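S.K.: Supplied in structure tokens, the structure appears directly below.
Residue numbers (the numbering used here): -4 to 111.
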């Protein structure tokens, strides 16, 4: 069983920065591809960023490329999303995802509001 717990959301002013964290509980963390998604009110869940199991490869959605950075610490079983130059349209619930083989695991999400 794998459990993911996101943290770090809150209220940020436009142009600000924030880092989200995702703690992963369970075995085989180094085998998981880790991703961040978000879901804004009334919208579908959107892929933001992914990182390979060893952390050597990353990919990003065009909407966040150059502003968001995904990273992982395999020793701590943590995944991070550094978010810079935040915009009001980044307001959403942010979810951590772990993928291995045919299995996908989700956290409960952490809410981010970008507003002045």
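C-beta: ideal position from N, C-alpha, C; glycine also.
Treat the numbers as computed from the prediction; the structure is a model and nothing was measured.
Would residue 87 pass as a contact of residue 33 if the rule is Cβ separation under 9 Å?
M.R.: Yes; because the gap between Cβ atoms is below 9 Å, this pair is in contact.
S.K.: Are the beta-carbon atoms of residue 75 and residue 17 separated by less than 9 Å?
M.R.: In contact: residue 75 and residue 17 (Cβ atoms closer than 9 Å).
S.K.: Quick one: grab the DSSP three-state call for residue 111.
M.R.: coil
S.K.: Does the Cβ of residue 21 have 16 or more other Cβ atoms within 10 Å, making it buried, or fewer, making it exposed?
M.R.: exposed
S.K.: Could you give the distance in angstroms between the alpha-carbon of residue 107 and the alpha-carbon of residue 85?
M.R.: 8 Å
S.K.: Comparing C-alpha positions only, which one of 104, 27, 37 and 42 sits nearest to residue 68?
M.R.: 27
S.K.: Figure out for me which residue from 91, 59 and 65 has the closest Cα to the Cα of residue 82.
M.R.: 59
S.K.: In the DSSP assignment, the beta strand (DSSP E) including residue 60 goes from what residue to what residue?
M.R.: Premise fails: residue 60 is in no beta strand (DSSP E) and is neither H nor E.
S.K.: What would DSSP say about residue 86, mapped onto helix, strand or coil?
M.R.: Under the three-state reduction of DSSP, residue 86 is assigned to coil, being neither helix nor strand.
S.K.: Just to check, is the beta-carbon of residue 68 closer than 8 Å to a non-hydrogen atom of the ligand ADP?
M.R.: Looking at this structure, you won't find the ligand ADP or any other ligand, since it has none at all.
S.K.: With distance defined between alpha-carbon atoms, name the residue in 8, 2, 25 and 24 nearest to residue 14.
M.R.: 2
S.K.: Give me, in chain order, the residues of the same chain whose beta-carbon lies closer than 7 Å to that of residue -4; leave out the 5 immediate sequence neighbours on both sides.
M.R.: Within the same chain, residue -4 has close Cβ partners 21.
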